[in-house]
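Protein chains in written order, with the working numbering: chain A, 197 to 445; chain B, 12 to 454.
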């Protein structure tokens, strides 16, 4: 395997999408920086990725809700990465989030506030360098608020808007910003749910889509991993609100 | 949850627990009884169906370390062979033993002491395991090797998960110059020629025979024998100069989307297939050819969910081993019974084996014959009869394939069973670890 000398930073490295993405980059010859809250769990993934690929892998503790530590976190990386992929996410429980403010707050902060603030800091450094790619894993749930998951959806909508603004700002600074909307993915987050086969991607598929979008320089900025999601969400977005509010979604 | 093995018979209800970390395994083990660890569910019968509960260990699948100097690979028990091949074939390494499917976990490979096409020369997977970590009935973790806790080491290899849960294992990989196999095909017109041909390639690394088990009379046991060696760089450049030295695994191109109706396999359709297969094989027999490692070792993995071929009621695989001395007459009798019954297996596999490693390891010096039969009411008495022939010849059946043998057949075939039972009792595994297979056979 030829090493490229490039590096990727994975935020939320112990998620199924995070580790699949890290492995995809490692097997393409990149150095990998893994960040997550539970250092022991991150180390387990680092050993796995290093053993499978022979890549250099470093581990970094990161609590996405603790923004005061972000500067120290960035200073502790072995190098400013060429690409950052944010796979941080917390689905939460919608009914609980309706009554329990603390729970709703954690869902909102984990899916929007933390990732946006940290990617904002990285964007500054990438812009100063004049290169880099920022990949945010958002969600189709952010395309329109629905009764079944609007707390999570609202946070993801905020994240999508943040990435869109960042992309607009950095388009002429040599920094690429990619928004990934995976749709359903077979992961721990969705374990036990009944998922419709054609709409459901494997973590490896999401990882391949991320790598292709961020590194192969395809023209697309917002990626639905399974193409069928784009027309589906276009239809859902276009339903007039008076009708939409009466639907059970 | 309803669980089944690869043969889809039997289907039984078991509580399931997701054990994606070593800590989850110790926790579950401490609090449950009648549990068995399940990897990728590729044992055919009831070996990976928990008596009360089943520990789902696929998530325990991380690799831990690899040292290029010593070639020692350490992985978690649920690590998949297919992932190991993906990671290491492109770097010029190959596992010391691989079974006929790559969709198995390392823990499962140890628990079944799986054998490959090189068993006659290199032994089973257990012979190459350096050490492993075992979760005991009390939830404690013990490292076992030939020098350390060796009694448990040899009981766990081939021990069908009944001594504990293998959460981590280390074994050495071999170096390969290419990912290609130099294959020679020999045509055998009957069983005698097949056994002689397998004996003749005894010094070759890999060998296996595919038998047409519907042929009768003078051509009873007609076979194609495939012998192979890892191809050298020189052979590859001479014969396939443009080829990738380490070609990647191919994805399954075909998958059976639904169950075949039971009538689809009958004497006529299977005879047609076998005839075509033999003609194709015989055409290739003239000169050695280079074959991609993936179809060479894992031909059936190319068809996703091929177990649906036998219809909704599932199928049984009968795999026995009989000693060398009267293999010709014993295997001849078994093949005759199958051929007379017309119970259609596409092809049976015949292979020469060496010794096993563990107390309950299946392999024994002699020849092993494996064939598939759809589950029907009349197949059970047929197999009972065949088992009697196997036992009389001093042979036995493979537990990883078994869903139906009797206790008498099992006890006659495994002389070290009392030792295994004693060890299970002494470590308190009797009530803690249990599978449907163990209960059925009184292990």
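Glycine included, each C-beta is placed from N, C-alpha and C at the ideal position.
| message | Less than 9 Å between CB atoms is the rule here; does residue 37 of chain B satisfy it with respect to chain A? | response | Your numbering for residue 37 of chain B matches position 26 in the second chain. For residue 37 of chain B, the answer is no, since every Cβ of chain A falls outside 9 Å of its Cβ.
| query | CA-CA distance, residue 415 of chain A and residue 305 of chain A? | reply | Residue mapping note: residue 415 of chain A aligns to position 219 of the first chain, counting from 1. Residue mapping note: residue 305 of chain A aligns to position 109 of the first chain, counting from 1. When rounded, the distance between both Cα atoms is 31 Å.
| said: For residue 302 of chain A, tell me which candidate among A/337, A/282, A/352 and A/328 has the shortest Cα-Cα distance. | reply: The residue you call residue 302 of chain A lines up with position 106 of the first chain. Among A/337, A/282, A/352 and A/328, the Cα nearest to that of residue 302 of chain A belongs to A/352.
| At least 3 beta-carbon pairs within less than 8 Å: the stretch 358–368 of chain B vs the stretch 438–454 of chain B | no
| query | Short check: CB of residue 278 of chain A to CB of residue 329 of chain A, under 9 Å? | reply | Indexing the first chain from 1 puts residue 278 of chain A at position 82. Indexing the first chain from 1 puts residue 329 of chain A at position 133. Result yes, Cβ atoms of residue 278 of chain A and residue 329 of chain A sit closer than 9 Å.
| said: One question on the structure: do residue 209 of chain B and residue 131 of chain B come within less than 9 Å of each other, judged by their Cβ atoms? | reply: As a first step, residue 209 of chain B is located in the second chain; it is residue number 198 there, counting from the start. As a first step, residue 131 of chain B is located in the second chain; it is residue number 120 there, counting from the start. A contact, by the Cβ cut-off of 9 Å.
| From this set, B/211, B/14 and B/128, which residue's C-alpha is nearest residue 374 of chain B's C-alpha? | In the second chain, the residue the question calls residue 374 of chain B occupies position 363. Ranking the options by Cα distance to residue 374 of chain B, first place goes to B/128.
| said: With H, G and I counted as helix, E and B as strand and the rest as coil, what does DSSP make of residue 383 of chain A? | reply: Within the first chain, numbered from 1, the residue matching residue 383 of chain A stands at position 187. In the structure shown, residue 383 of chain A sits in coil (DSSP, three-state: anything other than H, G, I, E or B).
| said: On the DSSP letters alone, give me the boundaries of the alpha helix (DSSP H) that residue 215 of chain A sits inside. | reply: By 1-based counting over the first chain, the position of residue 215 of chain A is 19. Segment 212–223, the alpha helix (DSSP H) holding residue 215 of chain A.
| task | Compare the C-beta of residue 227 of chain A with all C-beta atoms of chain B and state if any pair is closer than 9 Å. | result | Here the question's residue 227 of chain A lines up with position 31 in the first chain. It does not: the Cβ of residue 227 of chain A has no partner Cβ on chain B nearer than 9 Å.
| query | For the stretch 274–292 of chain B, which residues have a CB atom closer than 7 Å to at least one CB atom of chain A, in sequence order? | reply | none
| query | What are the residues of the stretch 230–254 of chain A that lie near chain B, defined by any Cβ-Cβ distance shorter than 9 Å? | reply | 237, 240, 241, 243, 244, 245, 246, 247, 248, 249 and 250
| query | Taking Cβ-Cβ distances below 9 Å as the criterion, which residues of the stretch 126–157 of chain B are in contact with chain A? | reply | none
| said: Please confirm whether residue 275 of chain A has its beta-carbon closer than 9 Å to some beta-carbon of chain C. | reply: The structure shown contains no chain C; the protein chains it does contain are A and B.
| message | Among the candidates A/310, A/290 and A/441, whose CA atom is the shortest distance from the CA of residue 354 of chain A? | response | Taking the first residue of the first chain as 1, we reach residue 354 of chain A at position 158. Selected option, being the one with the closest Cα: A/310.
| residue 77 of chain B: contacting residues in chain A (beta-carbon distance under 7 Å) | Here residue 77 of chain B refers to the residue found at position 66 when the second chain is read from its first residue. Ordered by position in chain A, the residues that pass the 7 Å Cβ test against residue 77 of chain B are 247.
| request: Pull up the CB-CB distance for residue 369 of chain B and residue 169 of chain B, whole angstroms please, since I reckon it's below 8 Å. | output: In the second chain, counting from the first residue as 1, residue 369 of chain B sits at position 358. In the second chain, counting from the first residue as 1, residue 169 of chain B sits at position 158. At roughly 3 Å, the Cβ-Cβ gap stays under 8 Å, so residue 369 of chain B and residue 169 of chain B are in contact.
| What do you reckon, are the CB atoms on residue 400 of chain B and residue 330 of chain B nearer than 9 Å? | Counting from 1 along the second chain, the entry for residue 400 of chain B is found at position 389. Counting from 1 along the second chain, the entry for residue 330 of chain B is found at position 319. Not in contact: residue 400 of chain B and residue 330 of chain B (Cβ atoms no closer than 9 Å).
| field | Start and end residues, beta strand (DSSP E) containing residue 304 of chain A | value | Position 108 of the first chain, counting from 1, holds the residue named residue 304 of chain A. From DSSP, residue 304 of chain A is part of no beta strand (DSSP E) but of the alpha helix (DSSP H) over 297–304.
| said: Please report the distance separating the alpha-carbon of residue 203 of chain B from that of residue 234 of chain B. | reply: In the second chain, residue 203 of chain B corresponds to position 192, counting from 1. In the second chain, residue 234 of chain B corresponds to position 223, counting from 1. Distance between the alpha carbons of residue 203 of chain B and residue 234 of chain B: 10 Å.
| query | Among B/345, B/147, B/409 and B/232, which one has its Cα closest to the Cα of residue 199 of chain B? | reply | Taking the second chain and counting its residues from 1, the one referred to as residue 199 of chain B is at position 188. The shortest C-alpha separation from residue 199 of chain B is found at B/232.
| field | For residue 202 of chain A, the first and last residue of its enclosing beta strand (DSSP E) | value | Position 6 of the first chain holds residue 202 of chain A. Note, residue 202 of chain A: premise wrong, no beta strand (DSSP E); not H, not E.
| query | Going by the beta-carbon positions, is the gap between residue 238 of chain B and residue 195 of chain B smaller than 9 Å? | reply | Locating residue 238 of chain B in the second chain gives position 227, where the first residue counts as 1. Locating residue 195 of chain B in the second chain gives position 184, where the first residue counts as 1. Contact: yes.
| query | Taking the alpha-carbon positions, what's the residue 93 of chain B to residue 340 of chain B distance? | reply | Within the second chain, the letter at position 82 stands for residue 93 of chain B. Within the second chain, the letter at position 329 stands for residue 340 of chain B. Whole-angstrom Cα-Cα distance: 38 Å.
| query | residue 19 of chain B versus chain A: which residues are under 8 Å apart at the beta carbon? | reply | Residue 19 of chain B sits at position 8 when you count from the first residue of the second chain. Simply none; closest approach about 20 Å.
| said: Counting C-beta neighbours from all protein chains within 10 Å, is the total for residue 161 of chain B 16 or more, i.e. buried, or is it exposed? | reply: Position 150 of the second chain, counted from the start, is the residue given in the question as residue 161 of chain B. Residue 161 of chain B should be labelled exposed.
| field | Touch test, the stretch 77–84 of chain B against the stretch 33–51 of chain B, Cβ-Cβ under 8 Å, three pairs minimum | value | no
| query | What did DSSP end up calling residue 437 of chain A once you bin it into helix, strand or coil? | reply | Indexing the first chain from 1 puts residue 437 of chain A at position 241. Here residue 437 of chain A sits in helix by DSSP.
| said: DSSP has residue 377 of chain A in a bridge; who is on the other side? | reply: Taking the first chain and counting its residues from 1, one reaches residue 377 of chain A at position 181. According to DSSP, residue 377 of chain A bridges with A/420.
| said: For residue 85 of chain B, would you say it is in contact with chain A, using Cβ-to-Cβ distances shorter than 9 Å as the test? | reply: The residue you call residue 85 of chain B lines up with position 74 of the second chain. So, interface residue.
| message | Do residue 285 of chain A and residue 333 of chain A have their beta-carbon atoms positioned less than 9 Å apart in this structure? | response | One-based indexing of the first chain puts residue 333 of chain A at position 137. One-based indexing of the first chain puts residue 285 of chain A at position 89. Their beta carbons are under 9 Å apart, which means residue 333 of chain A touches residue 285 of chain A by this criterion.
| query | Across which residues does DSSP place residue 237 of chain B in a beta bridge pair? | reply | In the second chain, the residue the question calls residue 237 of chain B occupies position 226. In DSSP, residue 237 of chain B forms a bridge with B/196 and B/219.
| field | Bridge partners - residue 446 of chain A, DSSP secondary structure assignment | value | In the structure as shown, chain A begins at 197 and stops at 445. Residue 446 of chain A is therefore absent and cannot be evaluated.
| field | Whole-angstrom distance between residue 187 of chain B and residue 36 of chain B, CA atom to CA atom | value | The sequence position of residue 36 of chain B within the second chain is 25, counting from 1. The sequence position of residue 187 of chain B within the second chain is 176, counting from 1. So the alpha carbons of these two residues sit roughly 35 Å apart.
| message | For a cutoff of 9 Å on Cβ pairs, would you count residue 325 of chain A as touching chain B? | response | Within the first chain, the letter at position 129 stands for residue 325 of chain A. It does not; no Cβ of chain B falls within 9 Å.
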